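Q:
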Amino acid sequence: MEGVVQLINRLQGVATLVGDNAASDKSLPGLWELLPSIVVIGGQSSGKSSVLEAVVGKDFLPRGTGIVTRRPLNLQLVNNKESEDEFGVFLHRPNEKFVSYDAMRAEIEAETERLLRTEGKAVSPKPIQLTVTSPHVPNLTLVDMPGLTKIPIDGQPKSIVRELEDMARTYIKGDNAIILAVTPANADLATSDALHLAREVDPAGDRTIGVLTKLDIMDPGTSAREILDGTSIKLKHGWIGVVNRGQKDIVNRMDMYEARRKEMGFFKSNPAYADLKNIGTGFLSSKLSTQLIGAIRRQLPNIQNAINGNIIALEKEIESLGGPGAYSRGAMVHLVLTLCRQFEEAFSRAVDGGKGGGEQILTVFEQRLTNNIKAIKFDKILEPQNVKRIVEEADGYQPHLIAPEMGYRRLLQECLVMFKGPADIAVEEVHTILRQIVFRTLESEDCKNLQQYAHLKREIAQTAAATLETMRDEARRMVVTMVEMERSYLTAEVFKEILSQNGRSAELGPEGLIRTLSGRAVSEVMNDNLPPADAHLRKIAIHVSAYITHVRTQLKQTIPKAIVHTLVLQSKKKLLDKLHADVAAKEDRPLKVMLSEDEGVAKRRETCMTRLELMKKAQTEVNTVAY
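The sequence shown begins at 1 in full-length UniProt numbering and counts up one residue at a time.
1. Roughly how many angstroms lie between the CA atoms of Pro74 and Leu115, to the nearest whole one?
2. Whose C-beta lies closer than 8 Å to the C-beta of residue 629 among residues of the same chain, with five residues either side of it excluded?
3. Taking the alpha-carbon positions, what's the Pro146 to Phe347 distance?
4. Taking all protein chains shown into account, do 16 or more other C-beta atoms lie within 10 angstroms of the C-beta of Glu459, making it buried, or fewer, making it exposed?
5. Could you spell out the range, first to last residue, of the alpha helix (DSSP H) harbouring Leu284?
6. Determine the extent of the alpha helix (DSSP H) in which Ala259 is found, giving its start and end residues.
7. Among Gln156, Glu414, Glu359, which has the Cα closest to the Cα of Ile376?
8. At 4 residues or longer, what runs of the alpha helix (DSSP H) sit wholly inside the segment 206-251?
9. Measure the alpha-carbon distance for Gln462 versus Thr432 and round it to whole angstroms.
10. For residue 638, which of helix, strand or coil comes out of DSSP?
11. Keeping to the same chain, check which residues put their C-beta closer than 7 Å to that of Leu401; ignore five residues upstream and five downstream.
12. Does the beta-carbon of Ser83 have 16 or more other beta-carbons within 10 angstroms, so that it is buried, or is it exposed?
13. Of all the alpha helix (DSSP H) runs that stay within the bounds of the segment 145-191, which reach a length of 4 or more residues?
14. Among Thr363, Gln451, Ala546, Asn623, which residue has its Cα nearest to the Cα of Leu595?
15. Rounded to whole angstroms, what's the CA-CA distance from Leu164 to Met332? Just pull it up for me.
16. From what residue to what residue does the beta strand (DSSP E) around Thr131 run?
17. Using CA atoms only, rank isn't needed, just tell me which of Lys578, Glu392, Leu369, Gln385 is closest to Thr467.
18. What is the C-beta distance between Ile381 and Arg410, in whole angstroms, given that I count them as a contact (C-beta under 8 Å)?
19. Compute the distance between the beta-carbons of Val211 and Val251, then report whether it is under 8 Å.
20. Starting from the Cα of Asn80, find the closest Cα among Pro125, Gln570, Ser134 and give me that residue.
21. Is it the case that the segment 474-484 contacts the segment 558-568, given that we only count it when at least three CB pairs across the two stretches are under 8 Å?
22. Beta-carbon separation of Arg611 and Pro125 under 8 Å?
23. CB Tyr171 to CB Val351, shorter than 8 Å?
24. Compare the Cα-Cα distances from Tyr335 to each of Thr290, Leu284, Asn449 and report the closest residue.
25. So the beta strand (DSSP E) Phe90 belongs to, where does it begin and stop?
26. Which whole runs of the beta strand (DSSP E) in the segment 20-56 are 3 residues long or more, in chain order?
27. What is the DSSP secondary structure of Met609, counted as helix, strand or coil?
28. For Asn74, which beta-bridge partners are listed by DSSP?
29. Alpha carbon to alpha carbon, how far is Asp206 from Pro184? Give it in angstroms, no decimals.
30. Can you name, in chain order, every residue of its own chain whose Cβ lies under 8 Å from the Cβ of Arg368, other than the five neighbours on each side?
31. Which ranges would you report for the alpha helix (DSSP H) in the segment 362-415 if only whole runs of at least 4 residues count?
32. Write down every uninterrupted run of the alpha helix (DSSP H) in the segment 451-495 whose length is 4 residues or greater and which is fully enclosed by it, in chain order.
33. Mind checking Phe365: buried by the 16 CB within 10 Å criterion, or exposed?
34. Buried or exposed, going by whether 16 or more other CB atoms sit within 10 Å of the CB of Ala454?
35. Report buried or exposed for Phe343, applying the criterion of at least 16 other Cβ atoms within 10 angstroms of its Cβ.
36. Do you know how far the Cα of Lys617 is from the Cα of Asn308?
As structure tokens, then:
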């Protein structure tokens, strides 16, 4: 199962490369928190770095006063017994092997300075990843956190105490983090920064291992026996006692083999510790390897399931953000036309739909147009004195022989022209409804893929509006022409039928009667007792009224047909034809402008795609081990 440790190492490397770490954006599905790791926390004077160097068996960590470790160090140890070669590889310099541990230390310092100088910060949660391959190291993954402190020192900012604590908390709060809480034995454990933080995030102690350092410099006559044997300050996974090199040993360049021998010599010669097993760097390394491998074994199925779920979630979000970007001219044209087609189909569905679409248009035809036509006032035109004036003006000096035909025609023309107003209003109202449907469609769920392309969305809106205006003008011309046609050529057969109605009410029955604008039958009105002086003028008005009623009925049917044909149906077929033609002729630059996105959307999609790539790489890695 030691191979699974290498798997976790590779997954951590992939995660770090794409910026996925304990402190990264949690709005994205992540990998880091799924991976078991050992996170080492402790105060700045706890001996934490010495513990790590003892596990590795080499000096390689920066040393000094104050905050020496200023970024988390993700230390991956790979045991390779097939070669005596020892080397380190940094994730940010993957093609270079560091065979000198002094060079590794220098690179840690240089990379730390580079990032902190760029960010203008004293510390950063972004990790440095170093993989050390050697026949002398255990298979382990450790994250060395910057040391905790209670007060700022050496010119440190006042916020440093909180920053360091928050950073450590972020790395150890995940359920897959094994906490290695390093505490000096010569200090009061009740005030231990590491122990306090570990208990905060892991109150049951399920993930915490305690390490006691500096046992060799405790006050004479005292020991940490009760802590190490579990009598005092209990931890579920217990405490491990270690003795690190002192400052003199470090200055004298004592090697780790000699340091290990000296450490075990101390424990064997001290009666308080001689019989204990949980002592020494060797035991610590073995304990950590066992804990890490066990955690990985338990977590591997969950890692696999989570990765698969994350891939699905990321693919859905990328799709909702418009899918992968288009870069070639052909791809850009295809994307624009696809988005236009999605809009056109959604617009067409809305027009054919009920509330807010076809229902509104039907209301214009069946209610508003009908009411507007009925509301036309013909009274002044058909009053006797006006009829007389028009008839006399039309006939001129020639007296009419039987009926004033020219007068009839002039009266009808003056009445019929009044239908233009309601017809024009109907066209405008349908045009307004279609414009509203355009803008509602642009904001609808059906056009969600269009939302990040503000320029294209604006082009679609402008093209649709301009096209609708052209179609509106055509519809207006058609309905006006229809009214003009009625004025230009009067139907004689209708007039003959009107004249034949006199005295035939009983014979024709209710359905056969021709009615005037008032709704009364012609034969009924003609039987009214009319004053002799203007009886013939009244008859002319009645005949004209009946003819207008006939035309009114026709126009209530034909005006909607004309509007539907020239405006509604054409908008469903040709709304974006001009944009299609323009797009096909555009070069790369205007296409890129058209597809320029909202910066936030583009950045989010790019981030999601990077994270998706991470998850797919992780899936491949896990599958090679799982099957």
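Ideal Cβ placement from N, Cα and C applies to all residues, glycine included.
Being a predicted model, the structure only gives us computed values, none of them experimental.
A: In terms of the structure at hand:
1. It should be noted that the sequence gives Asn, not Pro, for residue 74. Approximately 16 Å, taken between the alpha carbons.
2. There is simply no residue 629 to check, as the chain begins at 1 and stops at 627 in what is shown.
3. One Cα belongs to Pro146, the other to Phe347, and the distance between them is close to 59 Å.
4. Classification for Glu459: buried.
5. From DSSP, the alpha helix (DSSP H) with Leu284 extends over 281-320.
6. For Ala259, the enclosing alpha helix (DSSP H) has its first and last residue at 256-269.
7. Minimum Cα distance to Ile376 is reached at Glu414.
8. Contiguous alpha helix (DSSP H) elements confined to the segment 206-251 occur at 225-228, 247-251, taking only those with 4 or more residues.
9. Roughly 15 Å separates the two Cα atoms.
10. There is no way to answer for residue 638, as the model of the chain reaches only from 1 to 627.
11. At Leu401 the pLDDT is 44, less than 50, meaning the model places this residue with poor confidence; the figure from the coordinates comes in the next sentence. Once the five neighbours on either side are set aside, Leu401 has no close Cβ partner at all.
12. Ser83 counts as exposed, since fewer than 16 other C-beta atoms from the protein chains shown sit within 10 angstroms of its C-beta.
13. You should have 160-172.
14. The candidate whose alpha carbon is nearest that of Leu595 is Gln451.
15. Near 48 Å, if we compare the C-alpha coordinates of Met332 and Leu164.
16. If you look at Thr131, you'll find it in the beta strand (DSSP E) that goes 128-134.
17. Among Lys578, Glu392, Leu369, Gln385, the Cα nearest to that of Thr467 belongs to Lys578.
18. With a Cβ gap of about 10 Å, Ile381 and Arg410 do not count as contacting.
19. Not a contact, by the Cβ cut-off of 8 Å.
20. It is Ser134 whose Cα lies nearest to the Cα of Asn80.
21. At 8 Å Cβ cutoff, the stretches touch.
22. In this structure, Pro125 does not lie closer than 8 Å to Arg611 by Cβ.
23. No.
24. The sequence as given places Leu at residue 335; Tyr does not occur at that position. Per the Cα distances, Asn449.
25. Start and end: 87-90.
26. With a minimum length of 3 residues, the continuous beta strand (DSSP E) runs that stay inside the segment 20-56 are 37-42.
27. In the displayed model, Met609 falls within a helix according to three-state DSSP.
28. Answer is Gln129, Val143, bridged to Asn74.
29. Between the C-alpha atoms of Pro184 and Asp206 there is a straight-line separation of about 22 Å.
30. Excluding residues within five positions, the ones whose Cβ falls inside 8 Å are Ile425, Ala426, Glu429.
31. Those alpha helix (DSSP H) runs which fall completely within the segment 362-415 and span 4+ residues are 370-374, 379-382, 384-395.
32. Given a length threshold of 4 residues, each whole run of the alpha helix (DSSP H) inside the segment 451-495 is given here in chain order: 454-488.
33. Label assigned to Phe365: buried.
34. Its Cβ having fewer than 16 others within 10 Å, Ala454 is exposed.
35. Counting Cβ neighbours within 10 Å, Phe343 comes out buried, since at least 16 surround it.
36. Cα to Cα, Asn308 sits roughly 11 Å from Lys617.
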